[in-house]
Structures are given as structure tokens and as C-alpha cells.
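Let me begin by presenting the structure, written as C-alpha cells, before commenting on it.
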Amino acid sequence: MALQEYNKKRDFSKTTEPYGEEAPDAGEWRFVVQRHDARKLHFDLRLEMDGVLKSWAVPKGPSLNPSDKRLAVHTEDHPLKYLHFQGTIPKGNYGAGEMTIWDTGSYSLSQGQQKSIQDLYKKGDLKLTFYGTKLRGDFALVKTHYQNKQNQWLLIKKEDDYSIDLDYDANLHLGENAPSAGKKSPLEVSPKRQVSPMLASRDKAIDIGTLKKGWLFEFKWDGYRILCNHEDSNTSLYSRNGISYTDLFTPITDSLSQLSFSAIIDGEVVSLNKNGLPQFQWLQHYREEPKGDLVYMVFDLLYLDGHSLTHMPLTERKELLRSLVEDLPHIRYSEHFTNGKGLYQEVLAEGGEGVIAKKADAAYHPGIRTESWLKFKPRESLEALICGYTASESRPFGSLILGLQNEGVLTYIGNCGTGFSHKRQKELLERFQALRIDSSPFLGKINLAGKQPIWMNPVLMAEVHYAEWTDSGRLRQPVFKALRQDKTPFELHIHSDTQSESSDRSDKQPGSAPGEENSLQLDGINVPISNLEKIYWPKEGIQKYDLIEYYLSIADILLPYLKGRPQNLHRHPEGIEKEGFYQKDTPDSFPKWIKTTAIYSESSDKQIDYMLCQDEATLIYMANLGCIEINPWHSKMGNLDRPDYMVIDIDPSPKNSFGEVVEVAQSFHEFLKSIGIEGYCKTSGSSGLHIYLPLDAQYTYEEARDFCKLICTMVQQNLPSLTTLERRIKSRGDRIYLDYLQNRPGQTIAAAYCVRPQPGAPVSTPLLWKEINSKLDKNDFTIYTINDRIKKHKDLFKGVLGKGIDIESALEKFPD
DNA sequence: GGGAAGC
DNA sequence: GCTTCCCAACGCTTG
DNA sequence: CAAGCG
Ligand SMILES: [Mn+2]
Ligand SMILES: [Mn+2]
Numbered sequence: 001m002a003l004q005e006y007n008k009k010r011d012f013s014k015t016t017e018p019y020g021e022e023a024p025d026a027g028e029w030r031f032v033v034q035r036h037d038a039r040k041l042h043f044d045l046r047l048e049m050d051g052v053l054k055s056w057a058v059p060k061g062p063s064l065n066p067s068d069k070r071l072a073v074h075t076e077d078h079p080l081k082y083l084h085f086q087g088t089i090p091k092g093n094y095g096a097g098e099m100t101i102w103d104t105g106s107y108s109l110s111q112g113q114q115k116s117i118q119d120l121y122k123k124g125d126l127k128l129t130f131y132g133t134k135l136r137g138d139f140a141l142v143k144t145h146y147q148n149k150q151n152q153w154l155l156i157k158k159e160d161d162y163s164i165d166l167d168y169d170a171n172l173h174l175g176e177n178a179p180s181a182g183k184k185s186p187l188e189v190s191p192k193r194q195v196s197p198m199l200a201s202r203d204k205a206i207d208i209g210t211l212k213k214g215w216l217f218e219f220k221w222d223g224y225r226i227l228c229n230h231e232d233s234n235t236s237l238y239s240r241n242g243i244s245y246t247d248l249f250t251p252i253t254d255s256l257s258q259l260s261f262s263a264i265i266d267g268e269v270v271s272l273n274k275n276g277l278p279q280f281q282w283l284q285h286y287r288e289e290p291k292g293d294l295v296y297m298v299f300d301l302l303y304l305d306g307h308s309l310t311h312m313p314l315t316e317r318k319e320l321l322r323s324l325v326e327d328l329p330h331i332r333y334s335e336h337f338t339n340g341k342g343l344y345q346e347v348l349a350e351g352g353e354g355v356i357a358k359k360a361d362a363a364y365h366p367g368i369r370t371e372s373w374l375k376f377k378p379r380e381s382l383e384a385l386i387c388g389y390t391a392s393e394s395r396p397f398g399s400l401i402l403g404l405q406n407e408g409v410l411t412y413i414g415n416c417g418t419g420f421s422h423k424r425q426k427e428l429l430e431r432f433q434a435l436r437i438d439s440s441p442f443l444g445k446i447n448l449a450g451k452q453p454i455w456m457n458p459v460l461m462a463e464v465h466y467a468e469w470t471d472s473g474r475l476r477q478p479v480f481k482a483l484r485q486d487k488t489p490f491e492l493h494i495h496s497d498t499q500s501e502s503s504d505r506s507d508k509q510p511g512s513a514p515g516e517e518n519s520l521q522l523d524g525i526n527v528p529i530s531n532l533e534k535i536y537w538p539k540e541g542i543q544k545y546d547l548i549e550y551y552l553s554i555a556d557i558l559l560p561y562l563k564g565r566p567q568n569l570h571r572h573p574e575g576i577e578k579e580g581f582y583q584k585d586t587p588d589s590f591p592k593w594i595k596t597t598a599i600y601s602e603s604s605d606k607q608i609d610y611m612l613c614q615d616e617a618t619l620i621y622m623a624n625l626g627c628i629e630i631n632p633w634h635s636k637m638g639n640l641d642r643p644d645y646m647v648i649d650i651d652p653s654p655k656n657s658f659g660e661v662v663e664v665a666q667s668f669h670e671f672l673k674s675i676g677i678e679g680y681c682k683t684s685g686s687s688g689l690h691i692y693l694p695l696d697a698q699y700t701y702e703e704a705r706d707f708c709k710l711i712c713t714m715v716q717q718n719l720p721s722l723t724t725l726e727r728r729i730k731s732r733g734d735r736i737y738l739d740y741l742q743n744r745p746g747q748t749i750a751a752a753y754c755v756r757p758q759p760g761a762p763v764s765t766p767l768l769w770k771e772i773n774s775k776l777d778k779n780d781f782t783i784y785t786i787n788d789r790i791k792k793h794k795d796l797f798k799g800v801l802g803k804g805i806d807i808e809s810a811l812e813k814f815p816d
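Numbering (full-length UniProt numbering), first residue to last: 1 to 816.
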């Protein structure tokens, strides 16, 4: 490639919109790794970011082995066109030599990343997930801390399903999957696995009229992008994120189940009004109120009768598709046209969404945003932060107050008062309540033309369509489309066979409109999930979604500590700032698959059905009920009066520092060591610490409690002014309460790995004794950090359910 | 969070 | 049809 | 006994 052309393209890249529709927030961007046989062979890693390709030269190439730290030297930004470039750079030019595409695909920030990619990039601490052919899974791309080596970064594979233990040499992996001359062979698909759809890109610089030969044009349907896998008697519909729509859109499922061949179909489900125009809002409320003609507009066929078709040209796939779905009810073949300009004008006149242009000979690359498909639409859209709303007498609220984060400053971009039904407004208003704040989140004063603002913590995002920007930086004719569903769907954690883990907010997608009844298939049970986006931690904007995601991720480790134990549910259905309540009895309205055990209650003279958390399904059902915290008994069914462990509950007064708590725990550790006991310590998740001693159900609660009291007495004597055994709060003063009374039947303590209804969503986290020092920060352990910690330390509480201590021989070692 | 009662 | 209400714990310790 | 406590 000549420098001249490079420069030309570079100028072009500067002219692209700084805030385009896709680039800033889609959460998934493209990457390429080029093998560059220049003076010295190296690999160039390029990541799409802010409209350019951030680039690193990796001398040894990427490795899939986590123990390799590959040096990556940050080089200058390259224009986006480099995503597809391979060829020979002539001698005499910079970087002369052969350049081939080694791998390409998309990437996103890894799970649990809170900051924007721009911030993390600036910090030099990128945790990325790649969806390429060779580069797959999680990587860290981090700046080294050498101050005189500013541009030296390291590319390190993280331990996951794609990492390997063997040596890895990128130069030996040029295999058949390597794309050659711009023709990357597409992934094969199978109806046994979900497929991520190919996505269209958008380039406002292109005039649809200039696309002629080799392009065809389809309606851009305003509905849900849905794929269908059909094989034998199995027919399933699912969204881009893998959420199942098989049951919701039964007319379509039933119709496609009649197919006589196995197939994978791509299309858009729409709800049509009498004039045949798709009504997106009707579709959003299809579950509660089916309305309009439900039609699956199918436009691609990826698999037929045992063969993957992804490599075939589009026109051939569509021909097969047309004959396949002929005459099926609720299924319509999406025709294509050759006059793009004409179709576009027609669509505009009818108020349609837009037009998709497709290269007639293009293959189908699952999960890739392709330039072989281009979307054209008259209106812009973006994701804006909802910063508040205006009051109204006639409606639930007047309009949304919208803002964007602009270089760290929240900027007002206008109000939006249309696009929601009365019903939708009420749902939104309810969701807004938890986020209300007293003063404006904007720095300056906002002119709202006298309307009364109600301010909100700006964490919710709305997809808004608009005509253009005004000169003063406001949206013209904004219309609310949907609340953003910006999270990775759980389904992907369960069926790890889908590719894309991120969502594209510019393509509308189903998933979690409020009031929509979701469910999650776990342990063969359809677990009902409601109000996923309900905010449980208003300050942080953490949703029920995040809680469930955490519990899904920790279930395997957590469940052994819950199985067989009656529980006291502690529920916070309205979030942590509203009062929660305890619930012991399991009402009849709970599903019958929930296991319970009946225990007689003296006070109410009746049997109480205590819930047992035996499996992931119950765990998630509990989370859905607002059980942020989990409170199991210390003893199990079958041996209810003999606890499996003894608990030393270290409870500081509000006046004690955490450092003092640590000091007390250290004192316990010393004493326990002196009587030959190891003990296991965890954060309570709140302000204290818990020390567990394994008992293996060998002693009664009373024996455990007496032994605990003895130990606490020793420590209290050792630290008389810092600790107390006083049960009355008033008598404790500002001392730390050593609560041995927790060792009683029916008494509970927040389980290891459970979340606490406290600021920051802390997790009760098992620790190494050596971590219990003045540097310990209990705020380090939250739903966002525990999984990394477990990768490193595994389950530090394993011993709690292991071999029990011998109280008698420990007592012999007591002083005096 | 959800069901029942009340307006 | 929509809003509000109401419910969802216990048992041991201590004074 | 009622109130306190987790
Ligand atoms: Mn290079
Ligand atoms: Mn405690």
C-alpha cells in the first residue's frame, strides 16, 4: 500500500463522526492481527476504538498460554481501513514487507469492567475478550510501569476455556483458517449450537445511490433480530444474546417445526399493523398483550439439511431460503430489490426504518459486524443517560432529561417526551424512583423552560432516535425507543457455545422490557425471573441483574455451604436502601420444586417450612426474591442439632475501625494456634469478620457455644479495652462485641460468598490468615472482584466442611 | 415480591 | 382497572 | 415478664 493512499485514508478517518452511532457504546468492536514480515517479523494487533485502530506491534505474536507475557509496543493509530488490509508494502516505504491478516473478529471489554474502554485504555489496563478465530477469550493488555518505556505494554492470555498450557507460536498457526487475500472462510454452523448473527455496519459517507452492481437491498424491519435452529423435533428461536423466544413466539415456532429439513434461519420478528407496517412497541408488549400480525421476516439461511451454508453467496442462500419457507404461516421471505435509492425513498415515504444493502456474493460470518451489509436509515440514534425527568399533571412524567458523558463531564443534550405509551411511562417512572437524587447531576444550570425537574443518578441509558443535532448541541425531534439492555445475558454463561458476549444497542433487541416475564433454564427447571433491571443498589446503579449474574457465577462454590441447611430468608425486594424483612416459612405460592423442611415453631405453634437451597435453580429463585444475603443454619438436615462448624462473630461497634477488627482477629488467630487449631476467617461483607472452626457435626450447639465462649473469654482478657462479651449494646461502649451466642440452633450468619445489602455490593469473602493485616481492605471484595480472586485462591473455606477439630484435646492446651 | 382487598 | 395494603420471624438472653 | 438482640 502506498503511503499516499495511507494518508488519504487517514484523513478520512479523521473526518468520521466523533460520536457516531455504533462506535462509542456498542460494547463490541473489531480487531485485526496482521502478520507483518517487515525487516523483522512481527505481529500487529489493532483494536477499533473511537473511530481509529489503536495499534501495538507484538514481536513474538500473541500467545494463548497464560504464562507468556508478550511484549506489545504501542505504535501510532491506524485508519479503520487497515482492518482489511493485507498485501505487500513496497520497498522504500515505512514497514516495507508482506502483511497478511493473521486473525480478525470482534472484541469487547471483559465481564465486570466498570469503566469505559477509553478510561481503561488511558490507564493502560485493558481486560479484553476476543471473538476471533484464533484469538478467543479473555486477555489482559496492560501498560508496563517502567516510566522510561512509556509505550511498552504486555499482552497476556487469561486462564479460561480458550487458554492452553502448551507453548504457543503465532507464526506456526497460519493454518487453514487463516484468511487469505481478504477471503476469510466463515465459521461453519450447526443447529446444535446457537449462532451469533452477522451484523450490518453503517457508514454515513456512503450514498446508497452509488451502490449498484453487486449489491441488493432489503427492508430494514423494525422488530427483534431472531435466529431459528431447527433439527428433528427441536425448533428454537433466540435473540442475538441467546435469549430464548421459542415459547413467546409460539405461532412462529409451531410453523417452523414443520420444516422437513434441518435448518438455521436468520430474520426479524415483527408485529404488523393493518397497513403491514411493523409496530415495535406492540412487539415489546407481545407477552402481556399480543397485538398485530406476528410475522417472522426471514432473510438468510445459514444451514440446510446437514450442510453449513455460511460460505455460499448470499443470493444462493436466499434462493434456498425462499423455497424452504414457502407457504408457512407466520413466516415471510424478505424480498430484495436492485434499486437501492428507489427502495430507500419508498421506505422513507412510508415511515419505515430504513434499508439494508447487502453484497450479493457475500458469505455469512457469524458474530461479525460486516461491511458487506450496510444499513441506511434516515434517523440517527444514540444511547443517552437518563438524568431525570420533568413532572407533568396529565402523564406519569412529562419528558426525560437526557445527558451524555463528555470527557468526564455530564452534558445536557435535551429532553425527550415522546415514544412511550402511558403504560410504558408508568413502568419507567417506577424504575426511576430508586435513582432519585436531590440535586442536579449536571455541573451547570439547565434550562427546562420552567418545568419541574426530578433529578436522577445518571446510570440508566435510553436508546433515543433523533433527526439531527442543533447548533447548541441538543437533539432535534428525539423519540424514546427503549431502555438499553446492556448486560451480557445469563444464557451465555450456561451454554458457553455461543460466540458473542456483548450486545449492540443500536440494533434493538428483546430481553428485558419491564413487566416482561423472563425465565432461566437451570437444573432442568424454568426459574421465573422478574424485574431484572430493578435497581438494588441505587447509589451504584447495581441491578438485580448483577446480583443474579454473580450468584450464577459463584453457584458451584457457594452451594456446598447451603445444601441441606434450613435458611432464614432475608429479603430486600426493594433494594438495600429500603427496609428488608425476614421470612422463614415458605408460602404455598412458591414453586413446588423448591425443597423445604418442616420444623415446629413454639411461638406460633405450627410447622414452619424452611427453604433449603439445594441447587442453582433455588439459589437464583432466591436472588429473584430479593435475597441479597443468604443465611443458612450451621447444621444440616438429618443432624439438625449438631452444627458443622462453630462461628466466632467479631462485631465492631460503629466507632471501631476496621484496623481494630483486624487486631482482634489476629489475637484469635494467635490463641487458636496456641491450642492447635487453624480456623478459617472471612469478611462478614459488612464491617466485621467471622472465624469458622470445623466441627464435622461431632458436637451439640451447646457444646460449640460453650467452647466458643471460652475462646472469646481468653481473647477478651487479652484485649480488655478493645473487646467485650456484653450482649447489651449500651453496656458495650465503643468496644468490639465477640458474639459467641451465634452458635445456637436456628441462628444464622451470612454465608461465605454471599452478597450483603451494603454499599458497593460486598461479598463475605474467605481470606488467608496472612491477608489479615493492617493493609486488609474489606471493600476490595465485591460481586465484581470475587471471581478473579477465586481463580487465584480457589475456595479457601473448603476446610470448614472438612475434618472437625477435637474440642477435648484443644481444651487440654488451654492455659491453666 | 406478590396476592388480596379496596376504591 | 388501578392503587393501596398487607404480609412475609424466631427464640434465647437479660434485666 | 417484657424488651433486647442478631
Ligand atoms: Mn508493523
Ligand atoms: Mn457479625
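Built from N, CA and C at the ideal position, the CB exists for glycine as well. In this text the structure is predicted, and so the values were computed from the model without any measurement.
Where do the N-terminal and C-terminal ends of the alpha helix (DSSP H) with residue i fall, by residue?
i      : result
Pro251 : Thr250 to Leu256
Val325 : It is not in any alpha helix (DSSP H) - Val325 carries neither H nor E in the DSSP assignment.
Phe432 : His422 to Gln433
Met622 : Glu616 to Asn624
Glu808 : Ile807 to Glu812
Gln345 : Gly340 to Glu350
Phe280 : Phe280 to Gln284
Report all residues from its chain with a CB closer than 7 Å to the CB of residue i; omit the five preceding and five following residues, and keep chain order.
i           : result
residue 819 : Because the chain here runs from 1 to 816, residue 819 falls outside it and cannot be looked at.
Ala38       : Gly95, Ala96 and Gly97
Met297      : Trp221, Gly267, Glu268, Val270, Arg332 and Ser334
Check whether the Cβ of residue i sits closer than 7 Å to any heavy atom of ligand 2, and report yes or no.
i      : result
Ser684 : yes
Asp68  : no
Gly679 : no
Gly688 : yes
Asp649 : yes
Asp739 : yes
Within this structure, are the beta carbons of residue i and residue j separated by less than 8 Å?
i      : j      : result
Leu45  : Ser55  : yes
Gly685 : Arg756 : yes
Pro366 : Ser196 : yes
Ile356 : Lys375 : yes
Pro191 : Ser262 : yes
Tyr412 : Gly403 : yes
Tyr131 : Ser106 : yes
Gln567 : Val647 : no
Glu43  : Gly27  : For the sequence presented, residue 43 should be read as Phe rather than Glu. Result no, Cβ atoms of Phe43 and Gly27 do not sit closer than 8 Å.
In terms of residue numbering, what span does the beta strand (DSSP E) encompassing residue i cover?
i      : result
Ser764 : Element bounds for Ser764: n/a, residue is neither H nor E.
Cys416 : Val409 to Cys416
Asp229 : The question names Asp, but residue 229 is Asn in the sequence shown. Note, Asn229: beta strand (DSSP E), Tyr224 to Glu231.
Val298 : Asp293 to Leu304
Asn639 : Careful: Asn639 lies outside any beta strand (DSSP E) and carries neither H nor E.
Arg35  : Trp29 to Asp37
Skipping 5 residues on each side, what residues in its chain have a beta carbon closer than 8 Å to that of residue i?
i      : result
Tyr6   : Bear in mind that a pLDDT of 35 at Tyr6, under 50, signals an unreliable position, so the number given afterwards is only what the model happens to contain. So the qualifying residues of the chain are Pro79.
Gly799 : Glu678, Tyr680 and Pro694
Phe814 : Ile675, Leu710 and Met714
Ordered along the chain, which non-local residues of its own chain (more than five positions away) have a Cβ less than 6 Å from that of residue i?
i      : result
Lys358 : Leu216, Leu314 and Trp373
Leu558 : Tyr753
Lys487 : Low per-residue confidence applies at Lys487: pLDDT is 41, beneath 50, and the placement is therefore not dependable, though the value from the model is reported in the following sentence. Counting only Cβ-Cβ distances below 6 Å, and skipping sequence neighbours, we find Tyr545.
Ile711 : none
Asn415 : Ser399 and Ile401
Ile494 : Residue placement at Ile494 is flagged as unreliable, the pLDDT there being 29, under the threshold of 50; the coordinate-derived value follows with that caveat. Excluding sequence neighbours, Ile494 sits near nothing in its chain.
Leu328 : Ser255
> At what residue ranges does the stretch 672-718 contain a whole run of the beta strand (DSSP E), taking only runs of 3 or more?
Replying inline: 680-683 and 689-694
> Residue ranges of each beta strand (DSSP E) run of no fewer than 3 residues wholly in the stretch 553-591, ordered along the chain?
Replying inline: If we require 3 residues or more, the beta strand (DSSP E) runs fully inside the stretch 553-591 come out as 569-571 and 581-583.
> Taking only runs of the alpha helix (DSSP H) that begin and end inside the stretch 86-168, which ones reach a length of at least 4 residues, in chain order?
Replying inline: 117-123
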